[in-house]
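Peer 1: Just dropping this structure here.
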Amino acid sequence: MLNAIAFGVLGFALLLGAVNAVTAGNVVHAAFWLLECACASAGFIWFLGAEYIAIIQLLVYAGAVGILVIFTVMVTHRSYEDAERQVRVAWLPLVFAAALFGLLAYGILTNQTLASMTSAADSLTIAEFGRQMFSPDGWTLAFEIASLVLTVGLIAAVWWTRDTDTDADGSTPADTQGGDA
Amino acid sequence: MPTVGLTAVVLLAAALFAIGLYGAISNDSAIGILISLEIMAISITVNLMGFARFSSVAQANAWFFSVFLMVITAAEIGIGLALVVAVYRRARTSEVDDLSELKG
Numbered sequence: 032m033l034n035a036i037a038f039g040v041l042g043f044a045l046l047l048g049a050v051n052a053v054t055a056g057n058v059v060h061a062a063f064w065l066l067e068c069a070c071a072s073a074g075f076i077w078f079l080g081a082e083y084i085a086i087i088q089l090l091v092y093a094g095a096v097g098i099l100v101i102f103t104v105m106v107t108h109r110s111y112e113d114a115e116r117q118v119r120v121a122w123l124p125l126v127f128a129a130a131l132f133g134l135l136a137y138g139i140l141t142n143q144t145l146a147s148m149t150s151a152a153d154s155l156t157i158a159e160f161g162r163q164m165f166s167p168d169g170w171t172l173a174f175e176i177a178s179l180v181l182t183v184g185l186i187a188a189v190w191w192t193r194d195t196d197t198d199a200d201g202s203t204p205a206d207t208q209g210g211d212a
Numbered sequence: 013m014p015t016v017g018l019t020a021v022v023l024l025a026a027a028l029f030a031i032g033l034y035g036a037i038s039n040d041s042a043i044g045i046l047i048s049l050e051i052m053a054i055s056i057t058v059n060l061m062g063f064a065r066f067s068s069v070a071q072a073n074a075w076f077f078s079v080f081l082m083v084i085t086a087a088e089i090g091i092g093l094a095l096v097v098a099v100y101r102r103a104r105t106s107e108v109d110d111l112s113e114l115k116g
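So this is what it looks like as structure tokens:
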């Protein structure tokens with residue numbers, strides 16, 4: 032069983048970050064709330080006994096993803112007004128999300144198997160995790176494919192964001208043709 | 013000391029997923045939609061780790077899946093934000109409602 036107080040505090044931090052990230056009027060604030068949510072999730076995962084995953088979660092989400100989002104805001108929003116938007120409650124999505132949560136909650140609360148799983152399992156060590164991942168009949172192939180996916184993603188991101196309007200001499204079509212031709 | 017079991021963890025993950033879904037459907041900004049997708053991915057990791065904590069059978073698989081989920085999410089956010097930058101260069105906006113060129 033888990034300590035209910037720690038669960039409550041970390042769960043509240045997680046939900047607070049998520050709600051604010053989704054409803055923030057300023058996209059920069061949303062990015063910072065995402066960082067808070069990622070840090071809280073890392074804390075929650077640590078609390079669940081998976082320290083290794085918690086550290087990766089912190090590095091990948093709070094580190095890489097958070098910085099990437101903030102950089103994108105930096106290069107796409109030229110002024111403070113660009114980042115601001117009107118906060119309004121979208122009722123149809125709200126009803127849809129609430130209905131989904133209700134359905135899931137009904138399924139979770141009526142499931143006897145979940146309710147009976149109360150004793151903590153032995154924690155997996157990082158050494159054992161590594162051995163299982165790189166054993167020949169383990170997850171080596173999936174690991175290699177994941178590396179390939181990341182590489183392809185990286186190349187695609189660079190390809191999409193390259194400056195296609197710039198010629199070899201560094202001038203843009205707008206420069207040479209004068210105006211927004 | 014009061015304690016909670018797996019049901020509470022899975023409920024929390026479901027709430028997080030629903031919040032992310034609401035954001036993904038309702039957000040006008042493309043960056044906001046990607047942030048909501050990240051929250052949905054975080055909820056899946058929390059869910060997997062909950063099962064890993066309470067079931068030794070599922071433990072190793074839950075760890076593998078969460079690591080691969082992070083890889084996929086990192087690739088997704090990289091490509092997604094690159095698309096946002098590319099679209100912004102062309103249309104000078106990252107609001108999805110304004111990107112109506114292909115609208116019939």
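Heads up: the sequence lines are chains A and B, in that order.
So the first sequence is numbered by our numbering: it starts at 32 and just counts up by one.
So the second sequence is numbered by our numbering: it starts at 13 and just counts up by one.
The C-beta atom is built at its ideal place from N, Cα and C for all residues, glycine as well.
1) Since I believe MET61/B is in contact with ILE220/A (beta carbons under 8 Å), could you give me their beta-carbon distance rounded to a whole number of angstroms?
2) Smallest Cα separation from GLU159/A: which of ASN51/A, GLU175/A, ALA81/A?
3) What's the gap between the Cα of LEU41/A and the Cα of LEU65/A?
4) Using a Cβ cut-off of 8 Å (strictly closer), state whether TYR92/A contacts chain B.
5) Output, in chain order, the set of chain B residues within a Cβ distance shorter than 7 Å of MET148/A.
6) For SER72/A, which three-state DSSP category applies?
7) Just mark GLY184/A as buried or exposed, buried being the case when its beta carbon has 16 or more other beta carbons within 10 Å.
8) Give me the chain A residues within the contact set of LEU95/B, using Cβ-Cβ distance strictly less than 8 Å, ordered along the chain.
9) Relative to the C-alpha of ARG65/B, which residue among GLY17/B, LEU23/B, LEU114/B is closest?
10) Any C-beta of chain A sitting closer than 8 Å to the C-beta of ASP146/B?
11) Among residues of its own chain, excluding the 5 on either side of ARG193/A, which ones have a beta-carbon nearer than 8 Å to its beta-carbon?
12) Run down chain A in chain order and give the residues with a C-beta less than 8 Å from the C-beta of SER106/B.
Peer 2: Concretely, from the data shown:
1) Look at the range of chain A in this structure, 32 to 212, and you will see that residue 220/A is not part of it.
2) Mapped onto the first sequence, residue 159/A falls at position 128. Selected option, being the one with the closest Cα: ALA81/A.
3) Position 10 of the first sequence, counted from the first residue, corresponds to residue 41/A. Position 34 of the first sequence, counted from the first residue, corresponds to residue 65/A. Rounded to whole angstroms, LEU41/A and LEU65/A show a C-alpha spacing of 15 Å.
4) Counting from 1 along the first sequence, the entry for residue 92/A is found at position 61. TYR92/A counts as touching chain B.
5) In the first sequence, the residue the question calls residue 148/A occupies position 117. Simply GLY17, LEU18, PHE66, SER67.
6) Along the first sequence, one-based indexing puts residue 72/A at 41. The answer is helix: DSSP assigns SER72/A an H, G or I state.
7) Within the first sequence, numbered from 1, the residue matching residue 184/A stands at position 153. So GLY184/A ends up on the buried side.
8) As a first step, residue 95/B must be located in the second sequence, where it is residue number 83. Here the neighbours are TRP191.
9) The residue given as residue 65/B occupies position 53 in the second sequence. Looking from the CA of ARG65/B, the closest CA among GLY17/B, LEU23/B, LEU114/B belongs to GLY17/B.
10) Any question about residue 146/B goes unanswered here, given that chain B covers just 13 to 116.
11) Indexing the first sequence from 1 puts residue 193/A at position 162. So no residue of the chain qualifies.
12) To locate residue 106/B, count along the second sequence from 1; it is residue 94. Going along chain A in sequence order, the residues near SER106/B (Cβ under 8 Å) are THR107, HIS108.
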